[in-house]
Amino acid sequence: MINRKLAGAFALTLMAGAVVVGTAAPAAATGSKTCPPVLHSNTGDITLAGQPDPTVTLLAKGVQVSTSDNNDQGATWWKSVAPVPPILVHRMSYWTNKVAHGVESPEAMPAYLLRLSLPGGKTATLVYEPYGNPNDNNSPIPPGLGEKTFDVDKGTFWTLDTAVKGMIEYTSNAHAGKSLKEIAKANPFAKVVAFGWRQEWSKGLIAQVDDVEFAAGKTCEKHVWRKPAGKPAAEFVDTCTGTDVTVKSPDDRKWKFWLLRSAKTVGGPATVDKGGSKTFTVPAGPGEIVVLAKPYQHGARWATVGKHRWAEPAGCDADITSESTCDALKVKIVVPAKSGPVKVVITPGLDGAATHEFEAASGSVHNFTYPANPKVTVKVEVAGTPTEEFTWARPDDCAQPTPTPGPTGSPEPGTGGGGDDDGGGELPLTGVQVAGIAGGGGSALALGIVLYFLARRRRTPSFTAGVDQ
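Note that full-length UniProt numbering numbers the sequence shown so that position 247 is 247, with each residue one more than the last.
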C-alpha cells in the first residue's frame with residue numbers, strides 16, 4: 001500500500017531532480033580514499049516543500065531540517081554527476097543525526113537518493129532508508145536517536161517508478177528492495193546521473209545531514225554543510241569626551257582585541273569570551289583608532305576589524321579650565337564646534353572690575369589673565385554649562401615673597417644712649433633739628449600713600465573677550 005506521504009515525497013524528489021549544486025571538479029575515485037569535501041556555507045541549494053516550508057538551519061556540523069508537528073513538509077538536495085553505469089558505483093554513504101522523532105512515524109530518518117536515467121528518456125528515483133534495511137548491520141534499531149554514518153552501498157533501495165525492472169513492489173508491511181548491483185543487472189542500460197538526500201515527510205521530525213558521499217568511475221564527491229565561522233566586530237560611539245569602542249566575539253570562539261591610535265595602545269590587548277563583548281573608552285583626540293583582533297588560538301595573526309576617527313557630537317558643553325602660574329591666574333574657555341553661539345558672563349571678583357558679558361561663537365577659544373591673588377575668585381558662566389569658579393593658588397615651584405622688615409623697638413648696638421670710654425659720644429638731636437626730620441618723614445609718608453593707591457588701580461585687570469592672551 002502506497003501512502004499519501006510517499007507519493008508526496010516522490011513528487012518532491014522529481015521536482016528537485018533538476019537542481020545542480022556544488023562547484024568542485026570530480027576527482028578520480030581510486031581505492032578507498034575519501035573524496036575531497038565540497039563545502040556548503042548556505043542552504044540555497046536545498047529544495048523545500050510544504051505549507052509552510054520546513055525550517056532549515058546550518059550548524060557547526062551539517063544542516064538541520066525541522067518539520068512542523070501539524071503539517072506535511074519535506075526537504076531535498078540533489079547533485080548531478082557525469083552519467084555512470086550503476087555497476088561502477090563503489091561508495092555511497094552519509095552521516096545523519098536524529099534529534100527528535102516524527103509525530104506519526106517515529107522510525108523516520110533522512111534518506112539517501114540516486115537518480116537513474118533509463119532508455120526512452122525515462123528517469124527513476126531510488127531511495128535508501130535506514131529503517132528499510134533491517135538486515136543492514138549499519139542501521140539503527142528504530143526508533144533510536146543519535147548520530148550515525150550509513151554505508152549505503154551495503155544496503156538496498158526501493159522506488160515507486162515502474163520503469164525500473166526487477167523491483168519489488170513497496171508495501172507498508174514489506175519495505176523490501178534491491179541492492180544497486182541487482183538493479184544494475186536487471187537494467188543494463190541504466191545510468192546514475194545524480195545523488196542526494198531527502199528529509200522524510202514526517203510531522204515533527206528533526207534531523208541533521210552531512211558528509212554525503214558518492215564515488216563511481218572517475219567521479220568522487222563528498223559534500224559537507226558548515227555554518228560560516230563567526231567574525232569579530234567593533235562598534236564606535238562618539239561622546240563629547242571620547243569614543244566608546246565595543247568589541248564583540250562571535251558565538252563559536254573567543255577572540256583577542258587590541259586598540260591602537262597613532263601606533264600607541266589605547267585599549268587591550270584583552271580576551272573576550274565567545275558571544276561576549278567588552279567596551280573601551282578612548283579619550284577624544286586626533287588620529288585614527290584601529291581595532292585589531294585574532295582568534296584565541298596558537299599561531300593566529302592580528303587582523304584589522306574596524307577603523308574610526310573621533311568626531312565631536314552635537315550638544316557638548318563648553319570646556320572651561322584654569323591654570324595658576326607664579327604671577328597670574330589664567331582662564332580658558334573652548335566652545336564646541338557643533339554648539340551654537342553661547343552667552344558668556346565673567347565676574348572677576350576684583351575691586352573696580354565690572355562683570356563682562358559677550359557671545360562666544362561655535363568653535364571659538366577665549367583666554368583671560370588675572371593677577372595672582374589668593375583672595376580673588378573669578379566666576380565663569382557659559383550658557384548650557386555648569387558655572388565654574390576659579391581662585392589663584394601658588395604653584396609649589398614658585399618662590400615665596402620676602403617679608404618687609406619692620407621696627408623692632410630696640411636700639412641697634414652702638415647707638416642711642418651709650419657712650420665711649422672717654423665719656424664722649426654724640427648728644428641726642430633736639431629742638432629745631434628734630435622738628436625738621438619729623439616734617440620730612442610726614443611728607444614721605446603722604447607720598448607713599450598716594451603711590452599705593454595709584455599702584456592698586458593699575459593692578460585691576462583689563463581684558464578683551466575672545467582674544468588669546
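Ideal Cβ positions, reconstructed from N, Cα and C, are used throughout, including at glycine. Just so we're clear, the structure is a prediction, and the values are computed from it rather than from any experiment.
Around the beta carbon of R309, a 10 Å sphere encloses fewer than 16 other beta carbons of the protein chains shown; the residue is thus reported as exposed.
The Cβ-Cβ distance between V342 and V335 falls below 7 Å. C-alpha of P106 to C-alpha of N42: approximately 29 Å in a straight line. If you ignore the 5 residues before and after A303, its C-beta comes within less than 8 Å of the C-beta of L292, A293 and K294, all in its own chain and listed in chain order. DSSP places L118 inside the beta strand (DSSP E), whose first and last residues are A111 to L118. With a cut-off of 8 Å on Cβ pairs, the segment 227 to 247 is not in contact with the segment 114 to 127, counting fewer than three such pairs. Across the structure, H101 and N71 are spaced so that their CA atoms are roughly 15 Å apart. Here DSSP, grouped into helix, strand and coil, assigns P86 to helix.
Excluding the 5 residues flanking it on each side, V84 has same chain C-beta neighbours closer than 7 Å at K191, V192, A216, G217 and T219, in chain order. Residue state for L180 is assigned as helix, using DSSP reduced to three classes.
Per the DSSP secondary-structure output, W197 pairs in a beta bridge with W77 and Y112. Contact annotation: the segment 378 to 389 touches the segment 343 to 360, with at least three C-beta pairs closer than 8 Å. C-alpha of A353 to C-alpha of A270: approximately 55 Å in a straight line. Within the segment 244 to 318, there are no complete alpha helix (DSSP H) runs of at least 4 residues.
The C-alpha of V65 is placed about 21 Å away from the C-alpha of L126. Under the three-state reduction of DSSP output, P130 falls in the helix class.
Looking at the backbone, the Cα of V56 and that of S80 are separated by about 22 Å. Look at G121 here: in three-state DSSP terms it is helix.
The C-beta distance from G132 to N97 rounds to 19 Å, too long to meet the 8 Å contact threshold. Taken atom to atom, the span from the alpha-carbon of E388 to that of I320 is near 7 Å.
Distance between V212 and H223, taken at the CA atoms: about 5 Å. When DSSP states are grouped into helix, strand and coil, V376 belongs to the coil group. Setting aside the 5 residues that flank it on each side, Q73 is surrounded in the same chain by G50, P54 and T67, each with a C-beta closer than 6 Å to its C-beta; the list follows chain order.
Taking the Cα positions, K178 is about 56 Å away from V305.
In the structure shown, K165 adopts coil according to DSSP, grouped into three states. Q297 counts as exposed, since fewer than 16 other C-beta atoms from the protein chains shown sit within 10 angstroms of its C-beta.
Shown here, A229 sits in coil according to DSSP, grouped into three states, outside any helix or strand.
For V103, the secondary structure class from DSSP, reduced to helix, strand or coil, is coil.
In this structure, the CA atom of A124 is about 51 Å from the CA atom of G276. In this structure, A372 sits near A328, with a CB-CB distance shorter than 7 Å.
For L58, the enclosing beta strand (DSSP E) starts and ends at T55 to L58. If you look at T149, you'll find it in the beta strand (DSSP E) that goes G146 to D151. DSSP, reduced to helix, strand and coil, places K154 within a helical segment of the structure shown.
Burial state of K256 is buried, judged by a 10 Å Cβ sphere holding 16 or more other Cβ atoms.
Comparing alpha carbon positions, the residue from C35, K278 and R261 closest to F214 is C35.
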